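Notes to accompany the following structure.
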Amino acid sequence: MNFWGKLQKPIFILAPMEGVTDTVFRQIVVSVACPQRQQAGLRSGRGKPHVFFTEFVPVDALLSSGHEKILRSLKFTEVERPIVAQIWGTDPEKFYQVAQMLQKMKFDGIDINMGCPDRNTIKKGACAALIKNPELATEIIEATIRGANNLPVSVKTRIGFGSLDTENWVTTLLQTPISALILHLRTTREMSKVPAHWEEISKAVEIRNKLKSKALIIGNGDVKSRKEASDKCKKYGIDGVMIGRGIFNNIWLFNDAVDIEKVTPQQRVDLLINHLNLFKKTWGDSKHFELMKKFVKCYINNYSNASENRERLMKTKSLDELIRATLLLFAA
Ligand SMILES: Cc1cc2nc3c(=O)[nH]c(=O)nc-3n(C[C@H](O)[C@H](O)[C@H](O)COP(=O)(O)O)c2cc1C
Numbered sequence: 001m002n003f004w005g006k007l008q009k010p011i012f013i014l015a016p017m018e019g020v021t022d023t024v025f026r027q028i029v030v031s032v033a034c035p036q037r038q039q040a041g042l043r044s045g046r047g048k049p050h051v052f053f054t055e056f057v058p059v060d061a062l063l064s065s066g067h068e069k070i071l072r073s074l075k076f077t078e079v080e081r082p083i084v085a086q087i088w089g090t091d092p093e094k095f096y097q098v099a100q101m102l103q104k105m106k107f108d109g110i111d112i113n114m115g116c117p118d119r120n121t122i123k124k125g126a127c128a129a130l131i132k133n134p135e136l137a138t139e140i141i142e143a144t145i146r147g148a149n150n151l152p153v154s155v156k157t158r159i160g161f162g163s164l165d166t167e168n169w170v171t172t173l174l175q176t177p178i179s180a181l182i183l184h185l186r187t188t189r190e191m192s193k194v195p196a197h198w199e200e201i202s203k204a205v206e207i208r209n210k211l212k213s214k215a216l217i218i219g220n221g222d223v224k225s226r227k228e229a230s231d232k233c234k235k236y237g238i239d240g241v242m243i244g245r246g247i248f249n250n251i252w253l254f255n256d257a258v259d260i261e262k263v264t265p266q267q268r269v270d271l272l273i274n275h276l277n278l279f280k281k282t283w284g285d286s287k288h289f290e291l292m293k294k295f296v297k298c299y300i301n302n303y304s305n306a307s308e309n310r311e312r313l314m315k316t317k318s319l320d321e322l323i324r325a326t327l328l329l330f331a332a
């Protein structure tokens, strides 16, 4: 049942990003993978991330009566497997109940967010605030594992709250039977304002080996390409790398058969149209179309009149208008 142990290394993962990596975006990332290689079963991750994560969802909301809206963040399709649901909160009992729910929803794994530095989550004592509360963090992990039954549980976190505290925090986490530990290599206070402290990850590998933990160690922070991810795995002896913002500059990033410099403006526009159409088909009016505007820059870039084209698209006032304007970009 534990998919983590079956993955071929190095493992490349698309990071969870709220408001970005919903089922629609994840399907677009799958769509630019190399289909022949996937069908031939050659290294499952070739061209496609080995693992997808949902955006983070609060356990409180999932257990409340009006949880329909939050369930959108947990929508997924078969092509996105293995798919891990990411949850956050503070009450171990709720993690237990939500883990049971996620198992019934047929997720492949559950991840606990202990890394979000957002002021509102920190105020509640959740996410990255758990770094300051190792006892509660441990209780939450244990409750989730109990509720998850056979589903593997992982933790995504940072390496300290106010200052670097890799040894203590990683030791606490690796004393629990988690299947993977994803380290965003910054402290909470650093947000994303300083370069990630990649050298710290060697400490996590050492602790894992010393404790004889089976957890995979995955690094995260500032990685911009698959090649860079591979190099980091070799250099630090880690099992994989998770990539977030790097995909904004290159949607094809996980497919190393694609040279981004050779992607034509037409291919960029075509992919944006696919994304817009899938957004419309999946969400209809239930998500605001303005959300799609932040993707315009991801596709419409790196060619001579890209900024002029972007400006045209940013002026649109509805999803249909945005689709029409995109279709017209190269129609003349
Ligand atoms: C827009 C945005 C939304 C994010 N949402 C989440 C989230 O829901 N869960 C999470 O664990 N991390 C979230 N993150 C953090 C990323 O997963 C990742 O840890 C961080 O961006 C550093 O990796 P990168 O340098 O490869 O982007 C978010 C980051 C961004 C930029």
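Take 1 as the starting number for the sequence shown in the working numbering and just add one per residue.
Don't be surprised by glycine CBs; every beta carbon is placed ideally from N, CA and C.
Remember, predicted model here, so these are calculated numbers, not experimental data.
Based on the DSSP secondary-structure assignment, which residues constitute the bridge partners of M191?
Taking the first residue of the sequence shown as position 1, residue 191 is located at position 191. BP columns for M191 are empty, so no partner.
Who are the near neighbours of L42 in its chain, counting only those whose CB is closer than 6 Å to its CB and skipping five residues on each side?
Locating residue 42 in the sequence shown gives position 42, where the first residue counts as 1. At L42, the pLDDT of 40 sits below 50, so the modelled position is not reliable and the matter cannot be decided from this model.
If you draw a straight line from the alpha carbon of G19 to that of L278, how long is it in whole angstroms?
Stepping through the sequence shown from its first residue, residue 19 is reached at position 19. Stepping through the sequence shown from its first residue, residue 278 is reached at position 278. Their Cα atoms are separated by approximately 15 Å.
When DSSP labels each residue in this structure, what does L329 get in the three-state scheme?
Numbered from its first residue, the sequence shown carries residue 329 at position 329. Three-state result, L329: coil.
So, are the CB atoms of I178 and V153 less than 7 Å apart?
Stepping through the sequence shown from its first residue, residue 178 is reached at position 178. Stepping through the sequence shown from its first residue, residue 153 is reached at position 153. Result yes, Cβ atoms of I178 and V153 sit closer than 7 Å.
Please report the residue range of the beta strand (DSSP E) in which R158 lies.
Here residue 158 refers to the residue found at position 158 when the sequence shown is read from its first residue. Start and end: 153-158.
Candidates G284, T187, L272: which alpha carbon is nearest K297's?
Here the question's residue 297 lines up with position 297 in the sequence shown. Closest by alpha carbon: L272.
Under a Cβ-count criterion, where at least 16 other Cβ atoms within 10 Å of its own Cβ denotes burial, should I11 be classed as buried or exposed?
On the sequence shown, position 11 is the one that residue 11 refers to. Per the 10 Å Cβ criterion, buried.
Near ligand 1, which residues have their beta-carbon less than 7 Å from any of its heavy atoms, given in chain order?
Checking every Cβ against the heavy atoms of ligand 1 under 7 Å gives A15, P16, M17, E18, G19, V20, E55, F56, Q86, N113, G115, C116, K156, H184, S192, A196, N220, G221, D222, V223, M242, I243, G244, R245, G246.
Put V275 into one of helix, strand or coil per three-state DSSP.
For this step, residue 275 is matched to residue 275 along the sequence shown. In the sequence on display, residue 275 carries His and not Val. H275 falls in the helix class under three-state DSSP.
When burial is assigned at 16 or more other CB atoms within 10 Å of the CB, is G45 buried or exposed?
Residue numbering aside, residue 45 sits at position 45 when the sequence shown is read from its first letter. Residue confidence for G45 is low, a pLDDT of 49 falling below 50, so the modelled location carries little weight and cannot support an answer.
Taking the straight line between their C-alpha atoms, what separation do you get for D239 and A33?
Stepping through the sequence shown from its first residue, residue 239 is reached at position 239. Stepping through the sequence shown from its first residue, residue 33 is reached at position 33. Roughly 22 Å between the two C-alpha positions.
Assign W252 to one of three DSSP states: helix, strand, or coil.
Walking along the sequence shown from the start, residue 252 turns up at place 252. Looking at W252 - three-state DSSP - the assignment turns out to be coil, as it is neither helix nor strand.
Does the segment 81-91 come within contact of the segment 48-61, defined as at least 3 CB pairs closer than 8 Å?
Result yes; three or more Cβ-Cβ pairs closer than 8 Å.
Is D222 closer than 7 Å to A196 when the C-beta atoms are compared?
As a first step, residue 196 must be located in the sequence shown, where it is residue number 196. As a first step, residue 222 must be located in the sequence shown, where it is residue number 222. Cβ distance < 7 Å, so A196 and D222 count as in contact.
The alpha helix (DSSP H) that contains I141, what's its start and end?
By one-based count along the sequence shown, residue 141 stands at place 141. From DSSP, the alpha helix (DSSP H) with I141 extends over 134-148.
In the DSSP assignment, the alpha helix (DSSP H) including P92 goes from what residue to what residue?
For the purposes of this step, residue 92 is identified with residue 92 of the sequence shown, where counting begins at 1. From DSSP, the alpha helix (DSSP H) with P92 extends over 92-104.
Sort V263, Q100, S73 by Cα distance to A148 and report the nearest one.
In the sequence shown, counting from the first residue as 1, residue 148 sits at position 148. When each option's Cα is compared against that of A148, the closest is Q100.
Taking the beta carbon of V251 as the centre, do at least 16 other beta carbons fall within 10 Å, making it buried, or is it exposed?
By one-based count along the sequence shown, residue 251 stands at place 251. Rather than Val, the amino acid found at residue 251 in this sequence is Ile. I251 should be labelled buried.
Could you check how far apart the C-beta atoms of A143 and P92 are, in whole angstroms? I think they sit under 8 Å.
Position 143 of the sequence shown holds residue 143. Position 92 of the sequence shown holds residue 92. Yes, they are in contact, since the Cβ atoms of A143 and P92 sit about 4 Å apart, within 8 Å.
So, I112 versus V51, is the Cβ gap smaller than 7 Å?
Along the sequence shown, one-based indexing puts residue 112 at 112. Along the sequence shown, one-based indexing puts residue 51 at 51. No, the pair does not count as a contact, with Cβ atoms beyond the cut-off.
In chain order, what are the residue ranges of uninterrupted beta strand (DSSP E) at least 3 long that sit wholly in the segment 158-184?
Taking only runs of at least 3 residues, the beta strand (DSSP E) segments lying wholly in the segment 158-184 are 180-184.
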